[in-house]
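Trainee:
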Amino acid sequence: MRTPLDKKTLLVGCLMAVLFCSACQKSLRFGAGPAPTHTLTIQFKPVVDGDSLEYGNTYQNIFGEPYTVSNFKFYLCQVDLLNTDSGKSYRLNKDEYFLVNFGDRNTTRIFLKAVPSTYNRIAFTIGVDSIRNVSGAQAGALDPANGMFWTWNTGYIMAKLEGHSSVSNQPNQVFEYHIGGFSGSDNVVQKVSLVFPLNAAIVFGSDRGTLMTIAANANAWFSGSNPTSIASTPVCTTPGVLAKKIASNYANMFEVLNIVSE
Amino acid sequence: MKRIIIISIISLAVLNAVMIGSCKKSGDKPATTPVNFVVPPGFPPTKFNFSANPLTKEGIELGRHLFYDGRLSKDGNFPCASCHQQFAAFATYDHDLSHGFNNQFTTRNAPGLSNMAWESNFMWDGGINNLEVQPLAPITAPNEMAEDINNVVNKLAQDDQYKQLFRLAFGTEEVNSQRMLKALSQFMITLVSANSKYDKVKRGEAVFNSNEQAGYDLFKAKCASCHVEPLFTDFAYRNNGLTLNPYLLDFGRMKITNKKEDSLKFKVPSLRNIYETYPYMHDGRFWNLTAVLDHYSVGIQNSSTLDPLLANKIPLTATDKYNLIYFLGTLSDTSFTKNKNFEQPK
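The listed protein sequences derive, respectively, from chains A and B.
Position one of the first sequence corresponds to residue 443 (our numbering), numbered consecutively onward.
Position one of the second sequence corresponds to residue 1134 (our numbering), numbered consecutively onward.
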């Protein structure tokens, strides 16, 4: 004989089913706002003014000095999409750091999630904030094994540009900029804010992703508010006034080249 | 009806338990054993961030293995312990400068290691701001261990014993620099020296003899403003009137800050276990305590950055020096230099 389920059985069953379903759920979030469903891929592209940069090829800076590049890296964090008309902004990555290394194709593309909306600017930070510089052993992009860390005077190298130039008076005609410094007046962390091509506002919909290509111009390291020639300044490997000057130069090296749906 | 309810409750409960169990990452993740860091009586609050790197029995044990492992150096000959010898209170015994890779000298005297939980900046010039990243300096210095961090990680990751030690300490076999550095720090944090005769006197378990007491009275009057009890340092950077070594050209703290006013300043070292840590000063230029006291009483060189406390030197009679050296002997802690927990693991 089939026993009909009474209310008690149903109640207990439902209760257990709820428990069963929630067993693996870490935590429920309420009122977290719209979900970041839009995939934003940022492709960083090394350039020298209008040309693509290839390691080993010879380029010229604003001083007319010929140089080649053998190493070009920087730390990136705190990526925001903004709409300056509505005043809205959205932080795409909370604590994550990226090390963009133009010598390693795997690192030049970063993947982020954005809340669908209309945006007209992207902002990010170049460098590693002071907390991470004083908090001991880090992992991932901030692993000191990545060679962007000063061991004798603790601190991250925020950005690196190395190469050769016939005007350098250094051994093997190298030039070497290891830019760091996180405390007080030595702080070289740079905030970057970029408009989109043609000053456009672009809809980042929920149903597709976006590929944004951002150029990083090596020539900007030598020009800008503090023009610095290789002949006069082939090396900067400590925090201080010179590092700050070069950092304020390269803060202007970025440009959004194009934004395409994918 | 009752039976159906009971069966359904039991079966769902079992399923539920299975599901919860299956959520755990790797099922056999071993539990670690927390270690409580005890602050000795009279010691100030610690500086080490224990919440970011909680001490565990397994982490400390891994750190001890790493501290004594030559594979952290390029040719396998230079573990941390080659310059930091336990019987010398973790300084290099009887050496002004220590030896590093390929027959090279280090540039400074290896300091003794103890009571680092109370220290916030490391090295003679204070250039390193966190104990966890301190080992990176000697490991990568070309005249010390001369190795690359990636090479160290790769060497350790190929070793079955380390796979096990990393798993016990951190849950998985993964070897990375962060885990290595955190474990090394845990071991170093356990190197507490707080059981010398001086400490026993302070605790009422022993008494100074008359020479020691006379020396202690002198010490409090003439030395303790920089060598502050009970750590016997104030961790400040001071120029104590040493002449510049023309070969080493070591300007100390100025290298870190790029400030002229920091020229020739070095961190005030602790005096704990001072009998064991000879020779003395950042370059090990004084081979005994008499030479050190002679320096403070008559040898101090004046310069623009000389510490104001030493402007008039520290006048000491021969008897004063004798008694001071007696007192300094009470800072030797054999329960530290012979502590089995700090020895090379078997």
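Note that CB positions come from ideal geometry on N, CA and C, so glycine has one too.
Suppose you measure from the CA of L534(A) to the CA of I484(A); what does that come to, to the nearest Å?
Mentor: 12 Å
Trainee: Under three-state DSSP, which class holds I672(A)?
Mentor: Coil, per DSSP.
Trainee: Any idea which residues DSSP pairs C678(A) with across the strands?
Mentor: Y619(A)
Trainee: Excluding sequence positions up to five away, which residues of its chain have a Cβ less than 6 Å from the Cβ of L470(A)?
Mentor: For L470(A), the predicted model reports a pLDDT of 42, less than 50, meaning its position is unreliable; a value from the coordinates is still stated below. Cβ neighbours of L470(A) beyond the five flanking positions: none.
Trainee: Check whether chain B comes within 8 Å of V576(A), counting only Cβ atoms and requiring the distance to be less than that.
Mentor: yes
Trainee: In this structure, how does DSSP classify M1414(B) when only helix, strand and coil are distinguished?
Mentor: coil
Trainee: Could you tell me which chain B residues have their CB closer than 9 Å to the CB of D546(A), listed as they occur along the chain?
Mentor: Those within 9 Å of D546(A) in chain B number zero; the least Cβ separation is about 14 Å.
Trainee: Would you say V1286(B) faces chain A, with C-beta separation under 8 Å as the test?
Mentor: yes
Trainee: Under a three-way DSSP split, which group does Y1226(B) fall into?
Mentor: coil
Trainee: Kindly indicate if chain B contains any beta-carbon less than 8 Å away from that of S469(A).
Mentor: Below a pLDDT of 50, predicted positions are generally treated as unreliable, and S469(A), at 40, falls in that range; no measurement from the model is reported.
Trainee: Excluding the five sequence neighbours on either side, which residues of its own chain have a C-beta within less than 7 Å of the C-beta of H1198(B), listed in chain order?
Mentor: L1298 and P1478
Trainee: Thinking A1250(B) and A1224(B) are a contact (beta carbons under 8 Å), I'd like their distance in whole angstroms, please.
Mentor: Not quite, the Cβ-Cβ distance comes to about 18 Å (not below 8 Å), so this is no contact.
Trainee: Below 6 Å CB to CB, which residues in the same chain sit around I1407(B) once its five sequence neighbours on both sides are set aside?
Mentor: L1461 and L1464
Trainee: Just to make sure I have the definition right: I need the residues of chain A whose C-beta is within less than 8 Å of the C-beta of V1266(B). Which are they?
Mentor: Within chain A, the residues near V1266(B) are G578, A579, P586, F591, T593 and T596.
Trainee: Pick from G1374(B), S1329(B) and E1362(B): whose alpha carbon is nearest that of N1472(B)?
Mentor: S1329(B)
Trainee: Are the C-beta atoms of F1315(B) and some chain A residue less than 8 Å apart?
Mentor: Note that residue 1315(B) is Lys in the sequence shown here, rather than Phe. So, interface residue.
Trainee: Does the structure place the region 502 to 515 of chain A close enough to the region 602 to 611 of chain A that three or more beta carbon pairs sit under 8 Å?
Mentor: yes
Trainee: Determine the DSSP secondary structure at V634(A), reduced to helix, strand or coil.
Mentor: strand
Trainee: Under 8 Å between the Cβ atoms of N1276(B) and G1209(B)?
Mentor: Between N1276(B) and G1209(B), the C-beta spacing is not below 8 Å.
Trainee: Am I right that S1310(B) and L1442(B) are in contact with their C-beta atoms under 8 Å? What's the rounded C-beta distance?
Mentor: No, S1310(B) and L1442(B) are not in contact; Cβ-Cβ is about 41 Å, not under 8 Å.
Trainee: Helix, strand or coil for R547(A)? Go by DSSP, reduced to three states.
Mentor: helix
Trainee: State yes or no: is the beta carbon of Q1311(B) nearer than 8 Å to at least one beta carbon in chain A?
Mentor: yes
Trainee: E1488(B) and N1169(B): beta carbons closer than 8 Å?
Mentor: The displayed coordinates of chain B run from 1134 to 1479. Any statement about residue 1488(B) would go beyond what the structure contains.
Trainee: Report the residue from G1337(B), F1303(B) and S1318(B) whose alpha carbon sits nearest the alpha carbon of E1191(B).
Mentor: F1303(B)
Trainee: Using a Cβ-Cβ distance under 8 Å, would L1269(B) count as near chain A?
Mentor: yes
Trainee: Hey, Q612(A) and V677(A) are a contact pair by Cβ (cut 8 Å); roughly how many whole angstroms apart?
Mentor: That pair is a contact at about 6 Å.
Trainee: Could you tell me which of I1193(B), N1373(B) and G1175(B) sits nearest to F1183(B), measuring between CA atoms?
Mentor: I1193(B)
Trainee: With a threshold of 16 other CB atoms inside 10 Å of the CB of N1263(B), please say whether the residue is buried or exposed.
Mentor: buried
Trainee: Relative to chain A, which residues along the region 1423 to 1437 of chain B have a C-beta separation below 7 Å, given in chain order?
Mentor: none
Trainee: Taking one C-beta from the region 1447 to 1459 of chain B and one from the region 1343 to 1358 of chain B each time, how about it: are there three or more such pairs within less than 8 Å?
Mentor: At 8 Å Cβ cutoff, the stretches touch.
Trainee: May I ask you to list, following chain order, the residues of the region 1161 to 1190 of chain B that have a beta carbon less than 8 Å from some beta carbon of chain A?
Mentor: N1182, A1185 and N1186
Trainee: DSSP three-state call for Q1434(B): helix, strand or coil?
Mentor: coil
Trainee: Taking 6 Å as the limit between beta carbons, can you name the residues of its chain near G1196(B), skipping five residues before and five after?
Mentor: A1316, L1317, Q1319 and F1320
Trainee: Taking C-beta to C-beta, are S625(A) and Q615(A) nearer than 8 Å?
Mentor: no
Trainee: Within the chosen definition, does the region 1214 to 1229 of chain B reach the region 551 to 566 of chain A through at least 3 CB pairs nearer than 8 Å?
Mentor: no
Trainee: Relative to chain A, which residues along the region 1234 to 1249 of chain B have a C-beta separation below 9 Å, given in chain order?
Mentor: none
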